[in-house]
Amino acid sequence: MVLILPPPPTVTPRPQYETVEPRTALVRIFNPASRYKTQANSYRFFGPLLRFDHQQPLTKEEATSLKGKEDPERGITYWGYTLSCCLVELFGDTKIVEFKDYEVAIAIIEQPLLLLDIRDKAAMAAGSVAALGAVADRLVSQAWSRYFYEQTDIYQEVDGILYSNAHNGEKAIALYERSEPIISNALIKTRPLKDRSIRHLIDAAVAENNMNCFEPYS
0 MVLILPPPPT
10 VTPRPQYETV
20 EPRTALVRIF
30 NPASRYKTQA
40 NSYRFFGPLL
50 RFDHQQPLTK
60 EEATSLKGKE
70 DPERGITYWG
80 YTLSCCLVEL
90 FGDTKIVEFK
100 DYEVAIAIIE
110 QPLLLLDIRD
120 KAAMAAGSVA
130 ALGAVADRLV
140 SQAWSRYFYE
150 QTDIYQEVDG
160 ILYSNAHNGE
170 KAIALYERSE
180 PIISNALIKT
190 RPLKDRSIRH
200 LIDAAVAENN
210 MNCFEPYS
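All residue numbers for the sequence shown refer to numbering that gives the first Met the number 0, where the first residue is 0 and numbers rise by one.
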């Protein structure tokens, strides 16, 4: 098992970056019926909940009764480059794709996004390890995300993090609220996850990732 120490790093970081160029398509699956009333271009300011949420941590007292809390200054949203990435990140634990109220968003960005790369060797260059993108202890990955976000003298004011997702290793993106003007200005199209026009993409992803899909398409 890889030892993942909390920040700060024990060596001098030499961060590496990847720029998402204009006209790149990003993909997201979201649920507008969720308690957060998520929209295609919205950010979640309630947390920290997921892997790279950078909201301020709960106190020990808060953690006994709360899952998270509103942090109006720190919002997060997760994207991928492919529908396959989004499907395994959302349904990979159960391996069953559930359509429900989920929708798919495809965003064509008009301005570049600057991402801190923490894949493979770039993770060690950033001061951590590549396992950060797959570690089960979310408190550790969240602490590193806060460090990357706050230490702008080291990591610049990055728009987010580029990492390898824990399920099939595809490139995944966590975007901080700094990127909101870029995402808000993107050309975004949405459709229900159960839309027949994307059935072939879902079926291919399900087959490639050894998952199941039982619900009918509309």
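Even for Gly, the Cβ is constructed at its ideal location relative to N, Cα and C.
Predicted, not measured: the structure shown is a model, and the values here were computed from it.
Enclosing beta strand (DSSP E) for residue i [first to last residue]
i      : result
Asp116 : 112-116
Val26  : 24-29
Heavy atom of the ligand PLP within 7 Å of residue i beta-carbon
i    : result
Leu4 : The ligand PLP is absent from the structure shown, which contains no ligand whatsoever.
Span of the alpha helix (DSSP H), counted from its first residue to its last, around residue i
i      : result
Tyr154 : 151-154
Ser183 : 179-183
Ala204 : 198-207
Cβ neighbour criterion (16 or more within 10 Å) applied to residue i
i      : result
Asn209 : exposed
His166 : buried
Phe213 : exposed
Ala12  : Residue 12 is actually Pro in this sequence, not Ala. The residue in question, Pro12, is buried, as its Cβ has 16 or more Cβ neighbours within 10 Å.
Ser163 : buried
Arg71  : A quick correction: the sequence has Pro, not Arg, at residue 71. Result: exposed.
Leu238 : The structure shown does not extend to residue 238, since the chain is modelled only from 0 through 217, so no value can be given for it.
Gln141 : buried
Asp202 : exposed
Ser64  : exposed
Ile218 : Any property of residue 218 remains undetermined from this structure, which presents the chain solely from 0 to 217.
Ile107 : exposed
Ser160 : A quick correction: the sequence has Ile, not Ser, at residue 160. With 16 or more other Cβ atoms within 10 Å, it is buried.
Glu228 : Past the boundaries of the shown model lies residue 228; the chain is included only from 0 to 217, so the question cannot be answered.
Ile117 : buried
Arg198 : exposed
Arg73  : buried
Glu69  : exposed
Leu89  : buried
Beta-bridge partners of residue i, as assigned by DSSP
i      : result
Tyr16  : Leu115
Thr189 : Ala104
Gly159 : Leu114, Leu174
Arg43  : Ile75
Asn211 : Ile95
Quick check on the DSSP output: what are the complete beta strand (DSSP E) runs of length 3 or more inside the region 112-146, in order along the chain?
112-116
Touching or not, the region 119-138 and the region 27-42, by the rule of three or more beta carbon pairs under 8 Å?
no
When you compare the region 17-24 with the region 107-121, are there three or more beta-carbon pairs, one atom per stretch, that lie closer than 8 Å?
Contact holds: three or more Cβ-Cβ distances are below 8 Å.
Enumerate, from N- to C-terminal direction, the unbroken beta strand (DSSP E) stretches of 3 or more residues contained entirely within the region 49-94.
75-79
Check whether the region 118-125 and the region 50-64 touch, using three or more Cβ-Cβ pairs below 8 Å as the test.
no
Tell me whether the region 55-62 and the region 173-181 touch, counting them as touching only if at least three CB pairs, one residue from each stretch, are closer than 8 Å.
no
Assess contact between the region 63-80 and the region 191-204, defined as three or more Cβ pairs (one per stretch) separated by less than 8 Å. Is contact present?
no
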